Amino acid sequence: MRNTQAGDENGAVRFSVSMEPELLERLDELAGTSRTRSKVVRDLLRAHLARTELSSGHNPAVGVLTYVYDHDQPDLARRLMDVQHDRHAEVVAATHVHLDRHECLEVLILRGTADRIQRLAEQLLGLRGVRQGRLVLTPARCPLARTHHSARRNGKALGREVEGQGSKCKSQNGRRRKEAE
Ligand code: NI
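Per my numbering, the very first residue in the sequence shown carries number 1; after that it's consecutive.
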């Protein structure tokens, strides 16, 4: 690695970055009073890695889909349920809340490839009487897993957050190792 200093007690590596004053000003605006510059840069990099991971629709992902629907719309509750039953392998959990006499909120946790989750969400949100739909997609595979495990093999110190990421995807890496054998 270039331009770096050895890791601190948490294993985080320090390096210097050059940027135009205007850009630095924007960075400080993003940081506000609650985050450091380092935290903003780490958050942005992780968000970028997640987007990259999701840009290939074939990669594993989890999704949280929320929507509100009109309970009085004829046949809508049954149609929503039919779609969920048809795609039962991808619908991990569903929660239904009766908001008032006429409106219902549903929250679905979905798992599958990014493009299949996207299509399922579009199918549900496209039904007449469904509104305020929102899908949040997250990669199901940890983009830092390889870095984490190769660093551990090399005996390097690791940052706490990288450690956290690693432990989160422990079972998946265990599974990958098994597949490789
Ligand atoms: Ni309801």
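Built from N, CA and C at the ideal position, the CB exists for glycine as well.
For clarity, every value in this text was computed on a predicted model and none was experimentally measured.
Problem set entry | Own chain residues within Cβ distance below 7 Å of residue 117, not counting five before or after | 61, 63, 90, 110, 137
Problem set entry | Cα-Cα separation between residue 55 and residue 34, rounded to whole angstroms | 30 Å
Exercise. Helix or strand or just coil, what does DSSP make of residue 120?
Worked result: helix
Exercise. Is any heavy atom of the ligand NI found at a distance shorter than 6 Å from the C-beta of residue 102?
Worked result: no
Problem set entry | Complete runs of the beta strand (DSSP E) confined to the stretch 65-134 [at least 3 residues] | 91-98, 103-113
Problem set entry | Cβ-heavy atom distance, residue 98 to the ligand NI, below 6 Å | yes
For this session: Have a look at residue 27 and residue 40 and give me their C-alpha separation to the nearest angstrom.
Result: 7 Å
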